[in-house]
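A.B. asks: Residue numbers (our numbering), protein chains in the order written: chain A, 1 to 271; chain B, 272 to 590.
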Amino acid sequence: MPESAAGTPLHIITLVKWVPDAQLERRFTAERRIDRSEGILGELDEYPLEAALQIKEAASRDVRVSALTIGPAGAATAAKKALQIGADDAFHLSDDALTGADVVATSAALAAAIEHVLADGDAEGEHLVITGMASEDGESGAVPPQLAERLGLNLVTQATAVALEEDRLVVTRASATEQQRLAAALPAVVSVTDQANEPRYPNFKAIMAAKKKPMTSWSLADVGLDASAVASKATVLTAEARPPRTAGEIITDEGDAGVKIVEFLAKERVL
Amino acid sequence: MSVALVFFESLDARLSSAQQELLTLAATLGEVHVVTGTPGDRAVDAVAVEGVQTVYTGDAEILTPDPALVDLLETAVQETAASAILAPDTPDSTDALARLAVRLDTGIITDAVGIDSERRVTKSVLAGSYTTTAEVAEDRALVATVKPNSVEAAVVAGQAPEVVALPVGPSLAEGAAASGGVEVLQRTPLEVSERPALTEARVVVAGGRGVDGNFGPLEELADELGAAIGASRAATDAGWIDHAAQVGQTGVTVSPQLYISAGISGAIQQRAGMQTAQTIVAINKDEDAPVFEIADFGVVGDLFEVVPQMVEELRRRKG
Ligand SMILES: Cc1cc2nc3c(=O)[nH]c(=O)nc-3n(C[C@H](O)[C@H](O)[C@H](O)COP(=O)(O)OP(=O)(O)OC[C@H]3O[C@@H](n4cnc5c(N)ncnc54)[C@H](O)[C@@H]3O)c2cc1C
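Here it is in structure tokens:
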């Protein structure tokens, strides 16, 4: 790393995922996989994009923000949304061998894709990978640490604030027992929570501008992998819909509802 | 006999209930060994529990988020030939186990609520709308994080386990960020509430935007019920209560016997964290609030009238 990074270009890769809309009914298919026939850009992925754009806007050096997604054909819409929000360019890795990929398979594919995105840019520059705290559908939060492990990068997860100070990142996060302020040299993988910022909405101008931004589509072979490199290690054996909760008794307060609740609790023996 | 290795980031003088549950679960999978960042002299008393054979530590204290914890785990796996590696579901344990899974070339399953003797893992997915079971191949180690409240803790005090210090030390040095690494600038302990821990409480009283900055009435109710206090993101975002109280998709998941929701609309992200509660009581001014779709007992009314009346009635009954 150079003495001072102030003039060095920075390439930020944000990871985005096309996920089933949580506001609608989500379901498993007969193959015990999450039904991905429809989707949106995961809301948790708007926070890393916003973090990247804020770093870019505050920086006095060249910053390029790329969005990278893995997913079926429809996932291109998540990448396009990222371009509308403000990413400079996008990359979409799509391959039948990735259908139903588990955490390890996903991180293996993403690691290879990240290396190819970086190779596409300025080799002299610095690098930063920013992700959401978890995907909206898998919800494991285990992909960012696996990426850091595979790529040999510094790792800071669950960031609630991120700032680039000259040549290091300063991050606030919470562990199970304490609030921590950390400094990390680049290159690094950082995951951010929904407390990190307020994501922006794309305006009309940004939506029009996004049409001219480049999007690159790759297959596994394009990033130098074959299907065996992305074999899942965890197998889903069963996926059962939980019977939905049903509404119980609803009353309107007529001045005695507090007493009525306590009577209900006593009857249910939860006091 | 197969071996289950349990990872605790750190150990205090006494095991938390989540830690006790995990040791109970591990004992159903094989011979139990513990690995922790806390030095042996401080760790050994806490894990003096029947069935725990060994506690593996580093050669000095290792604190999260130090990746040396992954080296420690990896070394302990080599020592024990563990076929199951388990940890409580916390951010730093997830990070450490996820990295370990890469090194062991095996799968990781997070947020387990159960593991059977065949190492089949049960978890709740898609905001609690599905339950899945999953496994890794027989010839690979199972790496999993486990949610609190998943099993009934049954640990019995026992002999102190053997302490083995492995040749792994902390790696997060001061000034490391200037030479390519990560360093901790500041650590501030999170406030510990006098109330039961949110994830472990039998009763949770939760407030949302409707409390309008005043958690006072809910605090009084929680006092009467011995409950933990929870909140919606609207309430934590407004700064009325600490983020640690947030229940939901990006907060904590709770499954208490009783969840009392007051002034919370019941958005899908909130439901994700509480809909496995045994009994749900909702108080909301708006009869169309979605929370009523999942409430066992609902009151359309003003929480500032209903909640104080509950407190009064509970006190009257107590005598
Ligand atoms: C990525 C993402 C993650 C999220 N994660 C979470 C999460 O983990 N947890 C979470 O809770 N939310 C989360 N949210 C936010 C969620 O979508 C809702 O915005 C939030 O839960 C709303 O909080 P609320 O119900 O308190 O507020 P509102 O939706 O504004 O509801 C307030 C309710 O209070 C009622 N009310 C007002 N005054 C009174 C009164 N005096 N007496 C009785 N009732 C009254 C109103 O009728 C209304 O129903 C997330 C959102 C996103 C996008």
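Even for Gly, the Cβ is constructed at its ideal location relative to N, Cα and C.
1) Note down, in chain order, all residues in the region 396 to 425 of chain B with a beta-carbon under 8 Å from any beta-carbon belonging to chain A.
2) Please state whether DSSP places A297/B in a helix, a strand or coil.
3) Within the present structure, is the beta-carbon of N485/B separated from the nearest heavy atom of ligand 1 by less than 6 Å?
4) Helix, strand or coil: which one does DSSP assign to G86/A?
5) Got a sec: is the Cβ-Cβ distance from A448/B to anything in chain A below 7 Å?
6) Using the beta-carbon of each residue, which ones in chain B are nearer than 9 Å to P243/A?
7) Decide if A73/A is buried, meaning its Cβ has at least 16 other Cβ atoms within 10 Å, or exposed.
8) So is R370/B buried or exposed if we call it buried at 16+ other beta carbons inside 10 Å?
9) If we ignore side chains and look at the alpha-carbon of each, how far apart do F279/B and S503/B end up?
10) Cα-Cα, which of E491/B, A538/B and V463/B is closest to D559/B?
11) Apply the 10 Å Cβ neighbour rule to E3/A and answer buried if 16 or more other Cβ atoms are within range, or exposed otherwise.
12) Since A405/B and V236/A should fall inside the 8 Å C-beta cutoff, what is the C-beta to C-beta distance between them, to a whole number of angstroms?
13) Which class does Q528/B belong to by DSSP, given the choice of helix, strand or coil?
14) Go ahead and label P460/B buried or exposed: buried means 16 or more other beta carbons lie within 10 angstroms of its beta carbon, across all protein chains shown.
15) CB-CB under 6 Å to F264/A, same chain, minus the five flanking residues each way: which ones, in chain order?
16) Compare the beta carbon distance of G19/A and A82/A with 7 Å and say whether it is the shorter of the two.
17) Between A257/A, A266/A, L271/A and D226/A, which has its C-alpha nearest S94/A's C-alpha?
18) Taking 7 Å as the CB-CB limit, is G152/A close to chain B?
19) To the nearest angstrom, report how far apart P336/B and Q158/A are at their CA atoms.
20) How many Å lie between A97/A and V230/A at the Cα?
21) Is the shortest distance between the beta-carbon of A340/A and the beta-carbons of chain B less than 7 Å?
22) Report the three-state DSSP secondary structure of L220/A (helix, strand or coil).
23) Check whether the Cβ atoms of L41/A and A90/A lie closer than 7 Å to each other.
24) Which residues in the same chain have their Cβ closer than 6 Å to the Cβ of P48/A, if we skip the five residues on either side of it in sequence?
25) Does the distance between the C-beta of L151/A and the nearest non-hydrogen atom of ligand 1 fall short of 6 Å?
26) I need the straight-line Cα distance from A196/A to E433/B, nearest angstrom please.
27) For a cutoff of 7 Å on Cβ pairs, would you count D102/A as touching chain B?
28) Closer than 7 Å, CB to CB, is V223/A near chain B or not?
29) Identify, in the order they occur along the chain, each residue of the same chain with its Cβ nearer than 6 Å to the Cβ of R26/A, setting aside the five sequence neighbours on each side.
30) Does the separation of the CB atoms of A314/B and T307/B fall below 7 Å?
31) Checking contacts by CB at 7 Å: is L603/B closer than that to chain A?
32) Compare the C-beta of L529/B with all C-beta atoms of chain A and state if any pair is closer than 7 Å.
33) Anything in the region 470 to 496 of chain B with a Cβ closer than 7 Å to a Cβ of chain A? List those residues in chain order, please.
34) May I ask whether a heavy atom of ligand 1 can be found less than 6 Å away from the beta carbon of L574/B?
35) Please classify E280/B: does DSSP put it in a helix, a strand, or coil?
36) Considering just the uninterrupted stretch of the beta strand (DSSP E) at S107/A, what are its terminal residues?
C.D. replies: Once the coordinates are examined:
1) V396, L397, A398, G399, S400, Y401, T402, T403, T404, A405, E406, V407, A408 and R411
2) Locating residue 297/B in the second sequence gives position 26, where the first residue counts as 1. Here A297/B sits in helix by DSSP.
3) Numbered from 1 along the second sequence, position 214 holds the residue referred to as residue 485/B. Flag unset: Cβ of N485/B not near ligand 1.
4) Taking the first sequence and counting its residues from 1, one reaches residue 86/A at position 86. G86/A falls in the coil class under three-state DSSP.
5) Counting from one through the second sequence, the residue named residue 448/B turns up at place 177. Answer yes: the Cβ-Cβ gap between A448/B and chain A drops below 7 Å somewhere.
6) Along the first sequence, one-based indexing puts residue 243/A at 243. By Cβ distance, chain B contributes nothing, its closest Cβ being about 10 Å from P243/A, past 9 Å.
7) For this step, residue 73/A is matched to residue 73 along the first sequence. Exposed is the call here.
8) Here residue 370/B is taken as the residue at index 99 of the second sequence, counted from 1. Flag for R370/B reads buried.
9) To locate residue 279/B, count along the second sequence from 1; it is residue 8. To locate residue 503/B, count along the second sequence from 1; it is residue 232. Between the alpha carbons of F279/B and S503/B lies a gap of roughly 29 Å.
10) Indexing the second sequence from 1 puts residue 559/B at position 288. Minimum Cα distance to D559/B is reached at A538/B.
11) Residue 3/A sits at position 3 when you count from the first residue of the first sequence. In this predicted model, E3/A has a pLDDT of only 45, less than 50, meaning its place in the structure is not dependable; the value taken from the coordinates is given anyway. That one is exposed.
12) As a first step, residue 405/B is located in the second sequence; it is residue number 134 there, counting from the start. As a first step, residue 236/A is located in the first sequence; it is residue number 236 there, counting from the start. That pair is a contact at about 5 Å.
13) Walking along the second sequence from the start, residue 528/B turns up at place 257. In the structure shown, Q528/B sits in coil (DSSP, three-state: anything other than H, G, I, E or B).
14) Residue numbering aside, residue 460/B sits at position 189 when the second sequence is read from its first letter. Answer is exposed; the Cβ neighbour count stays below 16.
15) The residue given as residue 264/A occupies position 264 in the first sequence. Result list for F264/A: empty, nothing under 6 Å.
16) Mapped onto the first sequence, residue 19/A falls at position 19. Mapped onto the first sequence, residue 82/A falls at position 82. Sequence check: residue 19/A is Val here, not Gly. Result no, Cβ atoms of V19/A and A82/A do not sit closer than 7 Å.
17) The residue you call residue 94/A lines up with position 94 of the first sequence. Residue nearest to S94/A within the set A257/A, A266/A, L271/A and D226/A is D226/A (criterion: CA-CA distance).
18) By one-based count along the first sequence, residue 152/A stands at place 152. Not an interface residue.
19) Along the second sequence, read from residue 1 onward, the residue named residue 336/B stands at position 65. Along the first sequence, read from residue 1 onward, the residue named residue 158/A stands at position 158. The C-alpha of Q158/A is placed about 11 Å away from the C-alpha of P336/B.
20) Numbered from 1 along the first sequence, position 97 holds the residue referred to as residue 97/A. Numbered from 1 along the first sequence, position 230 holds the residue referred to as residue 230/A. If you take the alpha carbons of A97/A and V230/A, they lie about 7 Å apart.
21) Chain A is shown only over 1 to 271; residue 340/A falls outside these bounds and no answer can be derived.
22) On the first sequence, residue 220/A is found 220 positions in, with the first residue counted as 1. Residue state, collapsed to three classes: coil.
23) On the first sequence, position 41 is the one that residue 41/A refers to. On the first sequence, position 90 is the one that residue 90/A refers to. No; because the gap between Cβ atoms is not below 7 Å, this pair is not in contact.
24) Here residue 48/A corresponds to residue number 48 of the first sequence, with the count starting at 1. Same-chain partners within the cutoff: T14, I130, T131, G132 and V192.
25) Against the first sequence, residue 151/A aligns to sequence position 151. Answer for L151/A: no, Cβ out of range of ligand 1.
26) The residue given as residue 196/A occupies position 196 in the first sequence. The residue given as residue 433/B occupies position 162 in the second sequence. Answer to the nearest angstrom: the Cα atoms are 43 Å apart.
27) By one-based count along the first sequence, residue 102/A stands at place 102. Cβ-Cβ to chain B under 7 Å: yes for D102/A.
28) The sequence position of residue 223/A within the first sequence is 223, counting from 1. Not one chain B Cβ lies under 7 Å of V223/A.
29) For the purposes of this step, residue 26/A is taken as residue 26 along the first sequence, with counting starting at 1. The residues are P20.
30) One-based indexing of the second sequence puts residue 314/B at position 43. One-based indexing of the second sequence puts residue 307/B at position 36. One thing to note: A314/B has its Cβ within 7 Å of the Cβ of T307/B.
31) The structure shown has nothing for residue 603/B, since chain B only spans 272 to 590.
32) One-based indexing of the second sequence puts residue 529/B at position 258. Interface residue, yes.
33) Taking a C-beta cut-off of 7 Å against chain A, none of the residues of the region 470 to 496 of chain B qualify.
34) Start at 1 with the first residue of the second sequence, and residue 574/B comes out as number 303. Yes, the Cβ of L574/B comes within 6 Å of a heavy atom of ligand 1.
35) For the purposes of this step, residue 280/B is taken as the residue at position 9 of the second sequence. Coil.
36) Looking up residue 107/A in the first sequence gives position 107. Per DSSP, S107/A belongs to no beta strand (DSSP E); it is in the alpha helix (DSSP H), V103 to D120.
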